[in-house]
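Student: Mind the numbering: the sequence shown is residues 32 to 233 in our numbering, read in order. We put the CB at the ideal spot given by N, CA and C, even for glycine.
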Amino acid sequence: MGSQLPFSQACENNKQPILDTITPWLKDKHGVLEIGSGTGQHCVYFSQNLPHLSWQPSDQLVHLPHLNTRIHQAQLNNLSTAIELDVNKPWPTVLNMIDTVFTANTLHIMPKPIVEVFFKRIGQHLSSTISQLIIYGPFKYNDQFTSPSNANFELWLQQQYSGSGIRDIEWISELALKQGFELVEDISMPANNQLLKFYRIS
């Protein structure tokens, strides 16, 4: 049955580099809310390798059946059943022991207004409990792509998803800062991606 589940080769390729980078960031943390868990490959792998953490996956309702199938097959005590979370709708209020938010390859899929909502919701619902926000994906700097392949990727994205696009790091940093989170780490990753760590300063 596992072979029938959705599978992302990109997730398979990047899960170890991401884990290597976030492990020291999470050594003294307790609970992670992952927004946009997708296929579930990340949450399963990270939970296996970070057993001290409680990992709470989430995604839109349409993705929950296959996501929870993978989670239940993993049988990990520190990995919870995924919950419904649509960035543009009211967020769940029961998010106990969450001190970190993690999201991978989501901000370039969301239209810009939804990216703004993403940060506002974090400020509204989680700013008093979480200390850091970790974001993985491709970004632009001063409106410039980091590689020709990212420029081509954006063209493809815009054909697939209305309003999508690779976001400017300066804009993302500004949105985070408005909610009290400052960019403290910007790590270059394989395949022209970045791993960003924002820490709560207010």
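If I'm right that L50 touches S89 with Cβ under 8 angstroms, what's the distance once you round it to whole angstroms?
Tutor: Taking the sequence shown and counting its residues from 1, one reaches residue 50 at position 19. Taking the sequence shown and counting its residues from 1, one reaches residue 89 at position 58. Between L50 and S89, the beta carbon gap of about 19 angstroms keeps them out of contact (Cβ cut-off 8 angstroms).
Student: Give the secondary structure of G71 by DSSP, where H, G and I count as helix, E and B as strand, and everything else as coil.
Tutor: What you label residue 71 is simply residue 40 of the sequence shown in a count that begins at 1. It is coil, neither helix nor strand.
Student: According to the Cβ coordinates, are I166 and T134 closer than 8 angstroms?
Tutor: As a position in the sequence shown, residue 166 is number 135, starting the count at 1. As a position in the sequence shown, residue 134 is number 103, starting the count at 1. Cβ atoms of I166 and T134: closer than 8 angstroms.
Student: If you draw a straight line from the alpha carbon of F170 to that of L81, how long is it in whole angstroms?
Tutor: Mapped onto the sequence shown, residue 170 falls at position 139. Mapped onto the sequence shown, residue 81 falls at position 50. Going by the C-alpha atoms only, they are around 27 angstroms apart.
Student: So for Y76, helix, strand or coil by DSSP?
Tutor: For this step, residue 76 is matched to residue 45 along the sequence shown. Looking at Y76 - three-state DSSP - the assignment turns out to be helix.
Student: Between the C-alpha atoms of Q210 and W122, what's the straight-line distance to the nearest angstrom?
Tutor: Position 179 of the sequence shown, counting from 1, holds the residue named residue 210. Position 91 of the sequence shown, counting from 1, holds the residue named residue 122. Looking at the two C-alpha atoms, the distance is approximately 16 angstroms.
Student: Within 8 angstroms, do at least three Cβ pairs link the segment 171-180 to the segment 137-146?
Tutor: no
Student: In the DSSP assignment, find the unbroken beta strand (DSSP E) run with Q225 in it and report its ends.
Tutor: The residue labelled residue 225 in the question sits at position 194 within the sequence shown. Here the beta strand (DSSP E) through Q225 covers 224-231.
Student: Indicate the three-state DSSP secondary structure (helix, strand or coil) for A113 in the structure shown.
Tutor: Locating residue 113 in the sequence shown gives position 82, counting from the first residue. Three-state DSSP puts A113 in coil, outside helix and strand.
Student: May I have the straight-line CA-CA distance separating I114 from F176, to the nearest angstrom?
Tutor: As a working mapping, residue 114 is identified with position 83 in the sequence shown. As a working mapping, residue 176 is identified with position 145 in the sequence shown. So the alpha carbons of these two residues sit roughly 34 angstroms apart.
Student: Thinking just about the alpha-carbon of each residue, which of L214, T124, H97 is nearest to the one in L226?
Tutor: Numbered from 1 along the sequence shown, position 195 holds the residue referred to as residue 226. Nearest C-alpha to L226: L214.
Student: Using a 10 Å radius around the Cβ and a threshold of 16 neighbouring Cβ atoms, would you call S85 buried or exposed?
Tutor: In the sequence shown, residue 85 corresponds to position 54, counting from 1. Counting Cβ neighbours within 10 Å, S85 comes out buried, since at least 16 surround it.
Student: On the DSSP letters alone, give me the boundaries of the beta strand (DSSP E) that L164 sits inside.
Tutor: Position 133 of the sequence shown, counted from the start, is the residue given in the question as residue 164. Start and end: 163-168.
Student: Which whole-angstrom value is the C-beta distance of N223 and N181, which I expect to be below 8 angstroms?
Tutor: Locating residue 223 in the sequence shown gives position 192, counting from the first residue. Locating residue 181 in the sequence shown gives position 150, counting from the first residue. Contact flag correct, Cβ pair sits at about 5 angstroms.
Student: Do G62 and M128 have their CB atoms nearer than 8 angstroms?
Tutor: Looking up residue 62 in the sequence shown gives position 31. Looking up residue 128 in the sequence shown gives position 97. Contact: yes.
Student: Label N45 either buried or exposed according to how many other C-beta atoms from any shown protein chain fall within 10 Å of its C-beta, with 16 as the threshold for buried.
Tutor: Taking the first residue of the sequence shown as position 1, residue 45 is located at position 14. N45 should be labelled buried.
Student: List the residues that DSSP assigns as beta-bridge partners of W86.
Tutor: Working through the sequence shown from its first residue, we reach residue 86 at position 55. According to DSSP, which records beta bridges pairwise, W86 is partnered with V63, L110.
Student: Go to V132, then tell me how far its beta strand (DSSP E) extends in each direction, as first and last residue.
Tutor: To locate residue 132, count along the sequence shown from 1; it is residue 101. Counting along the chain, the beta strand (DSSP E) containing V132 begins and ends at 131-135.
Student: Out of Q190, G194, L116, state which residue places its alpha-carbon closest to the alpha-carbon of H156.
Tutor: Looking up residue 156 in the sequence shown gives position 125. It is L116 whose Cα lies nearest to the Cα of H156.
Student: If we call anything under 8 angstroms between Cβ atoms a contact, is L36 one with R101?
Tutor: Looking up residue 36 in the sequence shown gives position 5. Looking up residue 101 in the sequence shown gives position 70. Yes, these two residues count as a Cβ contact at 8 angstroms.
Student: Where K58 and Y230 are concerned, what is the direct C-alpha to C-alpha distance, given to the nearest angstrom?
Tutor: Reading the sequence shown from its first residue, position 27 is the one you call residue 58. Reading the sequence shown from its first residue, position 199 is the one you call residue 230. As the crow flies, the alpha-carbon of K58 is around 15 angstroms from that of Y230.
Student: Check whether the Cβ atoms of I145 and V132 lie closer than 8 angstroms to each other.
Tutor: Here residue 145 is taken as the residue at index 114 of the sequence shown, counted from 1. Here residue 132 is taken as the residue at index 101 of the sequence shown, counted from 1. Contact flag unset, no.
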